[in-house]
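Asker: Would you mind keeping the following structure in view while I ask a few things?
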Amino acid sequence: MSHKRSAIAVLAGLVACGLAVPISGNAAPVTGTAPPDPAVTLFTGDKVVLGGEHGVTVLAGKGREGTRFSYYSDERGDVHVIPEDARPLLRANKLDQRLFNVTQLIKNGYDDKTRADIPLIVSGGVGLAKERDLPSLNASVVRVDKAAGLRTFAVADKIWLDGPVRASLDKSIPQIGAPEAWNSGHTGKGTTVAVLDTGIDAAHADLSDAVVGAQDFTGSASGTDDRDGHGTHVASIITGEHAKYRGVAPDAKLLNGKVLNDFGSGQESWIIAGMEWASAKQDADVINMSLGSSLPSDGTDPMSQAVNRLTAETGSLFVIAAGNTGGMPPSPGAADAALTVGAVDHSDALADFSSRGPRWADNAIKPDITAPGVDIAAAKATHGRIGTPVDPTHVRLSGTSMAAPHVAGAAAILAGLQPSWQANEIKSALMGSAKPNPSLTVFEQGAGRLDVAKAVRQPLRTSPASVNAGVALWPHNDDEPIRKALKYHNSGSAPVAVDISASIRDPRGNPAPAGMFTFSSSTVTVPAGGEAEVVVTIDTRVNGPDGLYSGVVEAGGVRTPIAVNREVESYDVTVNFIDHNGNLTPRSEIRFVEMDIRKAFIPDNPTGSLVARLPKGRYFVDSGIDEPGPRITLRMEPEFVVSGNTTLDIDARRGKPIGFTVDKPNAKAGTAFFEFTRKTSWPGGTGAGFLWPNFDGVYVVPSQTSAAPGQFTYTTQTRMAEPDGNGGFTTSPYMYHLNHAVDGRVPDSLIVRVRDNQLARVRSEHGTTAEGSLGTRDNIVTRPLPYTLDELYTPDFPWYNKFSQQGSDGSPQSSTSTDIRRSYKLGPVVTERWNFGVFGPAFVPEPNTVNTSAARAGDVMLFNFGLYADHDPRRTGSSNDTGSTTLYRNGVQIGTEPWSGYGLHTVPTGDAEFRLHIEARNQLEVSNKVVVDWTFRSGTTPSQEALPLIAVRFAPHVDARQRVSRLVPTVIPVHMDHNSGGQVRSLTVQVSHDEGVTWKAAPVANFNGKWFTVVSHPSAANSVSLRASAKDAEGNSVDQTIHRAFLLK
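When you line the sequence shown up against mature numbering (1 follows the signal peptide of the UniProt record, and there is no 0), it's residues -27 to -1, 1 to 1022, in that order.
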């Protein structure tokens, strides 16, 4: 796993992704070299930042100012942010939903710090520069520069994200019966197995002369060599030659397709290209893929489609790891044609990490089979980085990645035994001969644990290899029996007579009721070299509990997994989408979120009227119609109860306009944020929200249902100012901050009237750190600095505010934000100062949270903070600086990053002394160089814990250009930020009036817990630099130097 990708994965886990999204506005984002929040630019060019007022901030791309965005939080808690112009293409299934899953994009390394482009797989794209063709999908690989965005995405037939893929034998070989197969002369001789992985160390003694072809699809500098270790380990399980750690098929030959890079990760297009090479060009008998994506799949994703198509066209068998999440299998193991492999331990117990079914969306049986995958000893690549050493050339690893090559080796043995067999025949023979664990269901183990000895000697196999009988709709008194044909094939030289029986469990784990599963014959004789058919009849009218029934059909030791869904009590919900002219419209969508079982239903809507089949229950309904104009009408129902067949009309004619009216007649909304949040049985809940430049064209239908108090909230929020007549707010002397929330339902009245005397009043001053600069407040008002603003706030609401400074050409210079939200009270005018120094590092955790600006999780340390916060102790900030961040452990350098305030490092286990050294430089007039050394102790943590870093924050009363009078001593209040909440016990301060050439001590005092220092100034001095050293009660310390901290006049 790469350090950069790991950094964002950790960040995504540390940042809380709220449901709501604040307004974007048209202002360009301030981007420094160390932004405090992870950000990702969508392929449309729109930038999304995890952080800010509601957990996510969106900034429209260049040329897309005014674009409207919507968002929702799915049942996994992932936040999806969708531009308005992408919605019709999503509805038409022309865009991959993953392109807008911001949580997963950042987690998987598509963030802006990690890469400047978005890789896509495009089918039918016109005029797009292609990087690679993928014939199995009739598609091509395209890379879109984030800064430009893809302006022509509407011309493509389908656009997928080129998603991330990761690498998911002394006891295990006898466990599966391989020695018995060898003794019968079956060793895989004459067969070829392709290993699509991190490469293979072809020089390893266990793999001498095994590799007969190789190709790199990753562009790695190491070529096809394995610098990770995963691929070599997998390859030697298949065909390793070693006295103790012998592979399953020791005489099989290998094709080395390097589709994962030297850190064990890759992209879907690399994997698909490797699949095409191995099957269509190299004619591999078996293709092992010990890899997978991160999310469950229904088997229709690009990699799964490629598996199915290439299997049908070439006859190659794809053996694919089921995944290591413990949840539903991801791509490509979800493919119908794949032989998907789960993992068991040495006693055939299912490994806790092994992904299990049913398959997402359709309840199909996956995995198909299991094999040993716990503590597997096999070859170690010379340059490998992973695994627990067994000896100098072997390591132990666990995972379905280790289980899959056991099956691939067994498949090679069968391919050598039966050269004419195609993929489905080998798959059927291996599944039909598997050994079951009686305590596991077919959704956990498929047919059972691999038994290659039995597969070699057993003449019968079935087609299909498993039976997915679909859904019998509720109620069941009128169900039509489901009939499925099973064909038994006999590869032997003598007829075989077998008894037919079934072992089926109901949803509660009890035997299925008698009569539900019956057969056309209780016995069958399969002629030598021939076949015989048995029809399985599934009669779901037979009384029993509703839900999934699963088990196996058995015929003389041949096992065929079977499953049927006896639908739970469910009903038809007819949904009609009616535009404001009274016509049905397909420009609409709806989402039903079942609040008790954590499942969402998003039915297709090709005509404007649909029937959704929903289980009985309580649902949050999120629906909308978009029309030209633009005009959008939303209907949200907090608690839509499904207890019978019903009709739900989403009628735009019933929509009412929303927004605010205020006393100032010229005030105009500069942002429009409105959201609907619903608590559920799982943490985080669900919801939907919208962010538009204003409320024009927005209509909401008052809800017809309501939720209990505190369970549903409808919120509208805006910031309003006086427009300048040119589409901006460059002259406004005021700004409104308005918030209105309604509990329980969407109300009938949606225009909120607010009087100035109902609002808290703030007089805000905005300083400058560079002549000629512009300052932007909350992405709305942008004016030449310095300036003063009259602000009016909805009182007693926790506001999050932001300021950014740009050059006269709009180039970013610095940004400051309130990390502790502030509420304002009715009463006298309050004065606030923004962008007044001294500027420096800050740690400002939200109350009752772990500050993740500097944190340790286990043995991973993450640093992600800016070094340009202004004087206010509630705020943090960053500048457009250059610099570096270096971490030392017990005096030895661990690693360095070419950014100030950012780094992610894996450190040795145990307690040690660390030093974090950061330097930052910028072109501003103050704090143009900041150098900080933190020294602290830290040990391995059981969970995420804040690191004990200290920031010394100076707050002299400077003017709007960061100056104080040189004629009188300057009293400087000093505030201490402690990242983990400790208490600072000592402080020393030094001052320089020659920009750091010479230093002298300044007096320091502590009055009732408040620190101060006093500085006198030489008459010829123009600036003041400050150096501070502080230490807490545990001995953690900081040495902090800020050059040109403030100026003199």
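C-beta atoms are modelled at their ideal positions from N, C-alpha and C, and glycine is treated no differently.
Only a predicted model underlies this, so the values are computations on that prediction, with no experimental measurement involved.
Whose CA, out of Ser406, Gly969 and Pro881, lies closest to the CA of Arg1017?
Answerer: Check the Cα spacing between Arg1017 and each of Ser406, Gly969 and Pro881: the tightest is with Gly969.
Asker: What are the boundary residues of the beta strand (DSSP E) that Pro147 is part of?
Answerer: Taken as a continuous stretch (DSSP letters only), Pro147 belongs to no beta strand (DSSP E), being part of the alpha helix (DSSP H) at Ser145 to Gln148.
Asker: Can you tell me whether Phe633 is buried or exposed, with buried defined as 16 or more other CB within 10 angstroms of its CB?
Answerer: buried
Asker: Helix or strand or just coil, what does DSSP make of Val1011?
Answerer: strand
Asker: Where does Val537 sit, in a helix, a strand or coil, going by DSSP?
Answerer: In this structure, Val537 counts as strand in the three-state DSSP scheme.
Asker: Note down the Cα distance separating His203 from Gly196, rounded to an integer number of angstroms.
Answerer: Whole-angstrom Cα-Cα distance: 15 angstroms.
Asker: Below 8 angstroms between beta carbons: does that hold for Thr298 and Ser328?
Answerer: yes
Asker: Alpha carbon to alpha carbon, what distance is there between Gln935 and Val3?
Answerer: At Val3, the pLDDT of 28 sits below 50, so the modelled position is not reliable and the matter cannot be decided from this model.
Asker: Taking 8 angstroms as the limit between beta carbons, can you name the residues of its chain near Asp932, skipping five residues before and five after?
Answerer: Excluding sequence neighbours, Asp932 sits near Gly740 and Lys1022.
Asker: Rounded to whole angstroms, how far is the Cβ of Ala253 from the Cβ of Leu228, which I believe are closer than 8 angstroms?
Answerer: Between the beta-carbon of Ala253 and that of Leu228 there is about 12 angstroms, and that puts the pair past the 8 angstroms contact cut.
Asker: Evaluate the contact criterion for the segment 551 to 564 versus the segment 501 to 516: three or more CB pairs, one atom per stretch, below 8 angstroms.
Answerer: Touching, no, given that fewer than three Cβ pairs across the two stretches are closer than 8 angstroms.
Asker: Pick out whichever of Ala885, Val292, Arg571 and Met693 has its Cα sitting closest to the Cα of Gly657.
Answerer: Arg571
Asker: Tell me Val515's beta-bridge partners as DSSP assigns them.
Answerer: Val515 pairs with nothing; no bridge assigned.
Asker: Within a Cβ cutoff of 6 angstroms, which residues of the same chain sit near Asn1009, ignoring the five residues on either side of it in sequence?
Answerer: Phe909 and Pro921
Asker: What are the start and end residues of each continuous alpha helix (DSSP H) run of 4 or more residues lying completely inside the segment 89 to 144, in chain order?
Answerer: none
Asker: Taking the C-alpha atoms as reference points, what is the distance between Ser787 and Ser851?
Answerer: 6 angstroms
Asker: In three-state terms, what does DSSP make of Asp179?
Answerer: helix
Asker: Could you give the uninterrupted runs of the alpha helix (DSSP H) lying entirely in the segment 943 to 1013, keeping only those of 4 residues or more?
Answerer: List check, alpha helix (DSSP H) in window: nothing returned.
Asker: Closest to residue 1023 by C-alpha separation, out of Asn556, Ala573 and Lys629, would be which residue?
Answerer: Here the chain has residues from -27 to 1022 only, and residue 1023 is not among them.
Asker: Looking at Ser911 and Arg847, is the spacing between their C-beta atoms short of 8 angstroms?
Answerer: No, they are not a contact pair.
Asker: Whose CA, out of Pro682, Ala743, Val727 and Met693, lies closest to the CA of Val715?
Answerer: Pro682
Asker: Let's test the definition: count the other Cβ atoms within 10 Å of the Cβ of Gln148 and tell me whether it reaches 16, buried, or not, exposed.
Answerer: buried
Asker: Enumerate, from N- to C-terminal direction, the unbroken alpha helix (DSSP H) stretches of 4 or more residues contained entirely within the segment 344 to 401.
Answerer: 373 to 390, all fully within the segment 344 to 401.
Asker: Just to confirm, are Phe776 and Arg736 a CB contact at a threshold of 8 angstroms?
Answerer: no
Asker: Excluding the 5 residues preceding and the 5 following Ser616 in the sequence, name in chain order all residues of the same chain whose CB lies nearer than 7 angstroms to its CB.
Answerer: Lys589
Asker: Could you compute how far the alpha carbon of Phe812 sits from the alpha carbon of Asn66?
Answerer: 49 angstroms
Asker: With a Cβ-Cβ cutoff of 8 angstroms, do Gly220 and Gly213 count as a contact?
Answerer: yes
Asker: Taking the alpha carbon of Glu612 as the point to measure from, which residue in Ala625, Lys629, Val594 and Ser582 has its own alpha carbon closest?
Answerer: For Glu612, the closest C-alpha among the options Ala625, Lys629, Val594 and Ser582 is that of Val594.
Asker: Beta-carbon separation of Pro818 and Leu723 under 8 angstroms?
Answerer: no
Asker: Excluding the five sequence neighbours on either side, which residues of its own chain have a C-beta within less than 8 angstroms of the C-beta of Ile473, listed in chain order?
Answerer: Phe492, Ser494, Ser495, Thr496, Val497, Val507, Val526, Glu527 and Ala528
Asker: Secondary structure at Lys35, three-state DSSP: helix, strand or coil?
Answerer: Lys35: coil per DSSP, three-state reduction.
Asker: So within the segment 877 to 928, which uninterrupted beta strand (DSSP E) runs reach at least 3 residues, ignoring any that extend past its ends?
Answerer: Unbroken beta strand (DSSP E) stretches of 3 residues or longer found wholly inside the segment 877 to 928: 885 to 894, 902 to 911, 917 to 919 and 923 to 927, given in chain order.
Asker: Within 10 angstroms of the Cβ of Leu889, are there 16 or more other Cβ atoms? Answer buried if so, exposed if not.
Answerer: buried
Asker: Counting Cβ pairs, one atom from each stretch, are 3 or more of them under 8 angstroms apart for the segment 331 to 348 and the segment 364 to 379?
Answerer: yes
Asker: Could you give the distance in angstroms between the alpha-carbon of Asp967 and the alpha-carbon of Arg926?
Answerer: 21 angstroms
Asker: From this set, Arg718, Asp624 and Pro468, which residue's C-alpha is nearest Phe685's C-alpha?
Answerer: The closest CA to that of Phe685, considering only Arg718, Asp624 and Pro468, is found on Arg718.
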